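**Student:**
Protein chains in written order, with our numbering: chain A, 1 to 277; chain B, 1001 to 1280; chain C, 2001 to 2266.
See below:
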């Protein structure tokens, strides 16, 4: 695991970590959720995807690991085009992509430990997952992960006994147990109170940095996005309306993405955010 | 239904001053007619049924006398018969328990086959549904009739009959639970790169577990009751002794058997209710 | 994620609380299994021979013989008639029994007596009840009709009593407060609350009666069950297969109909 960052860095010189090209998704009803979305991630960074409801944020993230089938376009994760993979290869590719959900999506009746270890499902046999006998290294890593996300000692609690913030920590732990090359994060804070939301965003950012893992984060809250992201992608009606560093996000850009509104209150400087936290 | 107060409104809006209708009806005339048509159809169907059955009403005249006579012949219960029906009684419970256990094992794959969101394709779904319907539509006793023809009379046929009927019962309810399972965790587990069966076991099975346990216990309690009559077709249990006693007109033994069945069925119902209350 | 002195083994907490208790449960289950199977006197040779016999039986069932469709139709019609008439009788008689078994309406002794009747009646399988009616009224559909009617009364009364017990107390008090008598209370505050559910229950019972009507014939109480039983005892397996298919079709149809009507009523 220690060698991973260097590898990723050298790779980034040759090809992007993730390259999305003219990705389009048309739902059966005819709704064009994504319309020729293209962008690339060249270095480990946290990218916030913003846009109003229905702009295609969730569809974009779900197309990348094909929880939603894209209609056309390509998604290159390293050298593999995810769009063209068969079922078996798709599972291999999904192992390299960690995902964190708005509603946490834990298996509520299972323990925290089982939920964390479910991040390893891609690399254990069916029998091992059925009997819950995971490899020793996975178990040790899972304990370490619980420690890291601040849930030490809760391994035998049932997931439905946890608070919202704790559940999202389990969700984060599960995604990172995959040791992913890419993190997909779908509205991680929308079901949490403001204080917990900031703690969760800080944790996601810290863990992404530790693993040198690029993270693509759908987020409603523009202030949070500015506070924790390196780069912003703005979606509008299924198209990329803005793609640039946080500093370039101006009221004019927000007006373009969301429509007219007084944005001066929303835009705050990162330093301001950190001190107020 | 929406137009119910129309009559009153019409009277008021017609400008008739303060002249309220003197008759109030709950239903509009049209509703009344449809309701009566339904009642008439049901009544006709029932009348046809009763008349077509060719009931000899004369039989009913002395029915109460016969019933009292039968009651007198049953009393007092011959308790000396009790020891000889303990073993068949235990066998009855075994038939119910083992049959239910076998049914659980087969019902899980069948439920996944018959649930829309986990079945492989349209054909497997139709197959699953067909098996469900066949299992559920044939009563335990009729399954018993069928199985007695296969391994021969005895408890084995009873176990097979109970299992054959219960598989469909359990699988139907579990399949419904699978279809209603929360999509979120399933999506999350799929996103980790887990295989299809891993997703079933890790994300779906824990969600349907309470339903599976609850319906199993509930079905076990029904099966105890069903097993009490499997002996009538030769499929083991206390039914054989009850049937034999009835055919020998040994009414005092019949009463003992009935009382014993009463106790066991009520006890199993209580056990089942207690377990279901604890798990929910 | 610094590697620390973390445990490398983790076992899921037991469903039964502690691990020892879980093992105890597993061992108890195994002992039960061995004990129960051993008391059943299962003859392995005979059981194995059963497979061969099953194949033979299956071969003789195919193709199902529908040539005696008149006999089949007569049995099916009789079953259906028994079910219909029994449901009607059940609905009518269950009303007084249901009211008597409702804790919030009936006086205590009446309530207890009605409940005792319901508990006893529910315990006995339809086939047991049928055999008594056969003894009283002779072979034929009358015994079957009475059996189904009796179990319908018990079932419907139980459901009705539960529905009555679950009605909201407010309207009852309100009507009582107007000085209404017992039957006026029933008609004005209980019936409107209970009726929609009761219609649904009655239709469910009709469906259940169709299913049960196929078995009372086993002991000679008429209907398709009697035809089926006779065909089995004559080793007339291809006709039996035809009857079974017809039963499956009728029951599936009845269930579909009952589901449809009940969703429409809701």
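Even glycine gets a Cβ: it sits at the ideal position worked out from N, Cα and C.
A quick note: this is a predicted structure, and the numbers were derived from the prediction, not measured.
For the beta strand (DSSP E) containing residue 241 (chain A), list its first residue and its last residue.
**Tutor:** First-last of the beta strand (DSSP E) with residue 241 (chain A): 239-245.
**Student:** Could you have a look at residue 211 (chain A) and say whether DSSP puts it in helix, strand or coil?
**Tutor:** Residue 211 (chain A): coil per DSSP, three-state reduction.
**Student:** Identify the contact partners of residue 111 (chain A) in chain C, using a Cβ-Cβ distance below 7 Å as the criterion.
**Tutor:** What residue 111 (chain A) touches in chain C: 2012 and 2013.
**Student:** Using a Cβ cut-off of 7 Å (strictly closer), state whether residue 2018 (chain C) contacts chain A.
**Tutor:** Taking Cβ atoms only, chain A never reaches closer than 7 Å to residue 2018 (chain C), which makes this a no.
**Student:** May I ask you to report which of helix, strand or coil DSSP gives residue 1110 (chain B)?
**Tutor:** Looking at residue 1110 (chain B) - three-state DSSP - the assignment turns out to be helix.
**Student:** Could you tell me whether the Cβ of residue 1278 (chain B) comes closer than 7 Å to any Cβ of chain A?
**Tutor:** No, residue 1278 (chain B) does not count as interfacial toward chain A.
**Student:** Would you mind sorting residue 224 (chain A) into buried or exposed? The rule is 16 or more other CB atoms within 10 Å of its CB.
**Tutor:** Its Cβ being crowded by 16 or more others within 10 Å, residue 224 (chain A) is buried.
**Student:** Determine the chain C residues that contact residue 1045 (chain B) at a beta-carbon separation under 7 Å, and present them in chain order.
**Tutor:** In chain order: 2084.
**Student:** Short check: CB of residue 180 (chain A) to CB of residue 231 (chain A), under 7 Å?
**Tutor:** No. Outside cutoff.
**Student:** So, at 8 Å on beta carbons, what are the nonlocal neighbours of residue 2108 (chain C) in its own chain, with the 5 sequence-adjacent residues on each side left out?
**Tutor:** Answer for residue 2108 (chain C): no residue qualifies.
**Student:** Taking DSSP's pairing of strands, which residues face residue 38 (chain A) in a bridge?
**Tutor:** Note: residue 38 (chain A) sits in no beta bridge, so no partner.
**Student:** Mapping the DSSP letters down to three states, classify residue 1062 (chain B) as helix, strand or coil.
**Tutor:** It is coil, neither helix nor strand.
**Student:** Does any C-beta atom of chain A lie closer than 7 Å to the C-beta of residue 2005 (chain C)?
**Tutor:** Answer no: the Cβ-Cβ gap between residue 2005 (chain C) and chain A never drops below 7 Å.
**Student:** Cβ closer than 9 Å: which chain C residues qualify as neighbours of residue 220 (chain A)?
**Tutor:** Going along chain C, no residue has its Cβ under 9 Å from residue 220 (chain A), so there is no contact; the nearest lies around 30 Å.
**Student:** For residue 1230 (chain B), which of B:1090, B:1162 and B:1190 has the nearest alpha-carbon?
**Tutor:** Nearest of B:1090, B:1162 and B:1190 to residue 1230 (chain B), Cα basis: B:1162.
**Student:** What first and last residue would you give for the beta strand (DSSP E) that runs through residue 1233 (chain B)?
**Tutor:** No beta strand (DSSP E) holds residue 1233 (chain B); DSSP gives it neither H nor E.
**Student:** Residue 1069 (chain B) bridges to which residues according to DSSP?
**Tutor:** DSSP output for residue 1069 (chain B) lists no bridge partner at all.
**Student:** Since residue 1239 (chain B) and residue 1228 (chain B) should fall inside the 8 Å C-beta cutoff, what is the C-beta to C-beta distance between them, to a whole number of angstroms?
**Tutor:** Contact holds; Cβ gap of about 6 Å.
**Student:** So, for residue 280 (chain A): in the same chain, excluding its five sequence neighbours on each side, which residues have a beta-carbon less than 8 Å away from its beta-carbon?
**Tutor:** Absent from the structure is residue 280 (chain A), since the part of chain A shown begins at 1 and ends at 277.
**Student:** When you check each C-beta in the segment 156-186 of chain A against every C-beta of chain C, which residues fall closer than 7 Å?
**Tutor:** Hits within the stretch, in order: 156.
**Student:** Anything in chain B within Cβ reach of residue 2196 (chain C), meaning under 8 Å, just list it in chain order.
**Tutor:** Within 8 Å Cβ-Cβ: nothing; residue 2196 (chain C) doesn't reach chain B, min ~13 Å.
**Student:** Figure out for me which residue from A:21, A:37 and A:48 has the closest Cα to the Cα of residue 244 (chain A).
**Tutor:** Answer by Cα proximity: A:48.
**Student:** Write down the C-beta distance between residue 2103 (chain C) and residue 2165 (chain C) rounded to the nearest angstrom, noting that I regard them as a contact closer than 8 Å.
**Tutor:** At roughly 6 Å, the Cβ-Cβ gap stays under 8 Å, so residue 2103 (chain C) and residue 2165 (chain C) are in contact.
**Student:** Please confirm if the segment 1210-1218 of chain B is in contact with the segment 1034-1046 of chain B, defined as three or more CB-CB distances below 8 Å between the two stretches.
**Tutor:** Touching, no.
**Student:** If you measure from the beta carbon of residue 22 (chain A) to each beta carbon in chain B, is any gap under 7 Å?
**Tutor:** Answer no: the Cβ-Cβ gap between residue 22 (chain A) and chain B never drops below 7 Å.
**Student:** Please list the residues of the segment 1191-1212 of chain B that have a C-beta atom closer than 7 Å to any C-beta atom in chain A, keeping them in chain order.
**Tutor:** Flagged, chain order: 1191, 1192, 1193, 1194, 1195, 1197, 1198, 1201, 1202, 1203, 1206, 1207 and 1209.
**Student:** Assuming residue 1158 (chain B) contacts residue 1144 (chain B) under a Cβ cut-off of 8 Å, what Cβ separation, rounded to an integer in Å, is found between them?
**Tutor:** Right, the Cβ-Cβ distance comes to about 6 Å (below 8 Å), so this counts as a contact.
**Student:** Which of the three DSSP states is assigned to residue 273 (chain A) in this structure?
**Tutor:** In this prediction, residue 273 (chain A) scores a pLDDT of 47, lower than 50, which makes its location untrustworthy; the coordinate-derived value is nonetheless stated afterwards. Of the three classes helix, strand and coil, the one that applies to residue 273 (chain A) here is helix, per DSSP.
**Student:** So, does the CB of residue 16 (chain A) fall closer than 7 Å to a CB anywhere in chain C?
**Tutor:** Chain C, which has no Cβ nearer than 7 Å to the Cβ of residue 16 (chain A), makes this no.
**Student:** For residue 1172 (chain B), count neighbouring C-beta atoms within 10 Å of its own C-beta (all shown protein chains included) and say buried if the count is 16 or more, exposed if not.
**Tutor:** So residue 1172 (chain B) counts as buried.
**Student:** Tell me, please, which residues DSSP counts as bridged to residue 1144 (chain B).
**Tutor:** Answer is none; residue 1144 (chain B) lacks a bridge partner.
**Student:** List the residues that DSSP assigns as beta-bridge partners of residue 218 (chain A).
**Tutor:** Residue 218 (chain A) is bridged to A:49 and A:186.
**Student:** The segment 114-137 of chain A: which residues have C-beta closer than 7 Å to a C-beta of chain B, in chain order?
**Tutor:** From the segment 114-137 of chain A, only 118, 119, 121, 122, 126, 129 and 130 have a Cβ closer than 7 Å to chain B.
**Student:** Looking only at its chain, what residues have a beta carbon closer than 8 Å to the beta carbon of residue 1139 (chain B), apart from the 5 residues adjacent to it on each side?
**Tutor:** Correct list, in chain order: 1165.
**Student:** Tell whether a beta-carbon distance below 7 Å holds between residue 2008 (chain C) and residue 139 (chain A).
**Tutor:** The answer is yes: Cβ separation under 7 Å.
**Student:** Hey, out of A:40, A:205 and A:123, whose CA is closest to residue 77 (chain A)'s CA?
**Tutor:** Measuring from the Cα of residue 77 (chain A), the nearest candidate turns out to be A:40.
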